[in-house]
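What follows is one structure encoded as structure tokens, with my remarks underneath.
Residue numbers (my numbering), protein chains in the order written: chain Y, 49 to 141; chain E, 19 to 441.
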């Protein structure tokens, strides 16, 4: 039985914060952050996004986030870069 | 079968409610609703910004299917002619009515709140809505500003009222019309607060003395947060009171005192909203409709109150995506009340402690996408089929499952109202 997860997403115009980072218009979206939130973790991949074809390129990962809810309920300690996340990657795909 | 639906959708409300375990906020009316409802503790929006989230849960499709990530396209023209939740009820014999902010106004709902597809009559918008961003906040110098933090004397407001007060009045007016008709109805009421500006009747500040208001538990930008993930809260920077603080973009922190004032006003706005919900549910009782009306209470996304050095929504953090979600279903979440017995007596947050525990609670992780199939099943209608992937050409299907199988209500258990705070 697949563990239930909630999938959210958020668009960004660039890798670093800029004035339209909060609400980029469709034509300015370059990155999409896809989040998978299960009861014990939140895993997010920020991947390249093409607004003209509405396609995300999961082989071009700009950044990642991984929070373990039991030990880090406020999601302050991103362990994405210090853990292997192949399993999460497969699952979110 | 044949139940009416009262669908209450709140703008930018994170689950800071007594019945979600929050120790600060006074929300006795919403807590009372929860004590007669099935409450989902881990419900998440599909995108933490108004229009994309609302179009997503009202069509039962993900943003990648509605292809709306901003505010500037109408799904029927831009992605696919997807049926909506209200449209589905309308096509199943319901009179569907919209009050306040249900669809996001503008392009994303075709400048019509998707009328006539979704609604039986033209949606109601409070006239005070147009003043929402006017300079109506009185500063220390006595001048008027367009502030973020904006407790007001309602009698001084244009028209002597506020949008949510007008929405409640209109919704009660409609309920009184419906009580005499035999027509099943789907009434959606969209409240604006606590969306910014935090403009609410100033008396609600008394509930939250500033000395009792703390900072967020983690008011700093996490070291290993990727820069792409950070939300630079641009919209609140443009408010007069925030702009005057000259905080550096993007990582400068607001002064701690002002952070506490924002949190204080968010809580006050939630209690103001609670009063509106309490008056609406009290009117449902008065109209004798509480025993044959399903009540849904939820929000379009959350709002960061300083956690991770962020404010507003616009991110994938739980504080921006997690929402309250509860379903009151007469005879399912509560045993059928005796005729005439009050189910939702109005509770004054200034005198009532609130905090009653939920009737039923699920900690399962669920999505707002599931609203559409869940309500269809609760109302005894044919649940729309699950969408194929992709579903751009499919008019009626949903990308989330119904949640009815999670309703873990023990039969006939009386509402567990009472002072105990929720777990």
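Think of the CB as a built atom: it goes at the ideal place given N, C-alpha and C, for glycine as much as any other residue.
Between the stretch 258-276 of chain E and the stretch 338-350 of chain E, the count of Cβ pairs shorter than 8 Å is below three; the stretches do not touch.
About 17 Å separates the beta carbons of residue 124/Y and residue 246/E, which is beyond the 8 Å limit, so they are not a contact pair.
Straight across, the Cα-Cα distance linking residue 106/Y with residue 95/Y is about 6 Å.
Look at the stretch 56-67 of chain E: the residues with a C-beta under 8 Å from a C-beta of chain Y are 60, 61, 62, 63, 64, 65, 66 and 67.
Sequence-distant Cβ neighbours of residue 223/E in its own chain, meaning closer than 8 Å and more than five residues away, are 169, 282, 283 and 286. The Cβ-Cβ distance between residue 397/E and residue 23/E falls below 8 Å.
In the DSSP assignment, the residues bridged to residue 60/E are 383/E. Residue 110/Y sits in a strand when the DSSP states are folded into three classes.
Sequence-distant Cβ neighbours of residue 171/E in its own chain, meaning closer than 7 Å and more than five residues away, are 220. Where residue 251/E is concerned, there is no enclosing beta strand (DSSP E), because DSSP gives it neither an H nor an E. DSSP places residue 117/Y outside both helix and strand once states are collapsed to three, so it counts as coil. In terms of CA proximity to residue 280/E, 321/E leads the group 321/E, 185/E and 148/E. Between residue 196/E and residue 250/E, the alpha-carbon positions lie close to 45 Å from each other. Judged by DSSP secondary structure, residue 94/Y falls within the beta strand (DSSP E) whose first and last residues are 89-98.
When DSSP states are grouped into helix, strand and coil, residue 415/E belongs to the coil group. In the structure shown, residue 422/E adopts helical secondary structure according to DSSP, grouped into three states. Identification of residues in the stretch 93-117 of chain E having a C-beta nearer than 7 Å to some C-beta of chain Y yields an empty set.
In this structure, the straight-line span from the alpha carbon of residue 138/Y to that of residue 109/Y is close to 14 Å.
Here residue 72/Y is buried: its Cβ has 16 or more other Cβ atoms, across all protein chains shown, within 10 Å.
The beta-carbon separation of residue 154/E and residue 217/E, rounded to 7 Å, stays under the 8 Å limit for a contact. Distances from the alpha-carbon of residue 406/E to those of 416/E, 400/E and 399/E put 416/E closest.
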